[in-house]
């Protein structure tokens, strides 16, 4: 089963769904395809499309998925990687009015360079990327959240305070 998720951006990403639908209709994809489309309105007779899937159901679908096809949002990418899923990430582009800027291009590039996912920037290459995903071995994602929290705690314990607090304490120590 393939899970397609488009995130919560309030702009359409029908370009990705049209690409996936075409691959399904052409027999390139034979698996079941479930889509969490968010704000993207799209009708299909070969894709199972839902606006939003309740979290418990989404997590169950994610567990079953052999592949996740997603937009270039960090939340969607990290959620799939944390479950050890193969990911094809397609950045939303401002030139198609899918986003206000192209930061998802940079994000997808960073994850791709580290071998966490397969980038889909040229939709005419979908079949090639999809075939590559069948044998793709993504790098195992390890969160650095604990190190990040430890670094922040250390910083705070060293009495690094805002300029306002430093000024306030300096003026009230007298």
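In our numbering, the protein residues as written are 14 to 187. C-beta: ideal position from N, C-alpha, C; glycine also.
Cβ neighbours of residue i in the same chain (closer than 7 Å, five flanking residues each side left out)
i           : result
residue 142 : 101, 131, 133
residue 114 : 107
residue 71  : 49
residue 146 : 80, 99, 101, 131
Neighbour-count burial assignment, residue i, 16 or more Cβ in a 10 Å radius
i           : result
residue 46  : buried
residue 49  : buried
residue 31  : exposed
residue 17  : buried
residue 99  : buried
residue 111 : buried
residue 65  : exposed
residue 123 : exposed
residue 73  : exposed
residue 83  : buried
residue 188 : Given a span of 14 to 187 for the chain in the structure shown, any question on residue 188 remains unanswerable.
residue 138 : exposed
residue 117 : buried
residue 129 : buried
Cβ-based neighbour list, residue i, same chain, cut-off 6 Å, excluding 5 preceding and 5 following
i           : result
residue 188 : In this structure the chain extends from 14 to 187, so residue 188 is not present and cannot be described.
residue 121 : 85, 102, 104, 132
residue 136 : 32
Secondary structure of residue i, DSSP reduced to three states
i           : result
residue 138 : helix
residue 29  : helix
residue 71  : helix
residue 66  : coil
residue 91  : helix
residue 61  : strand
Chain-order list of residues whose beta-carbon lies under 8 Å from that of residue i (same chain, five-residue window excluded)
i           : result
residue 125 : 102, 131, 132
residue 76  : 96
residue 61  : 45, 46, 47, 48
residue 59  : 34, 37, 38, 46
residue 88  : 20
residue 148 : none
residue 56  : 62
Would you say the stretch 14 to 28 touches the stretch 102 to 114, given that touching needs at least three Cβ pairs under 8 Å? yes
Can you check the stretch 95 to 161 for any alpha helix (DSSP H) of at least 4 residues that lies completely inside it and give the ranges in chain order? 116 to 126, 139 to 146
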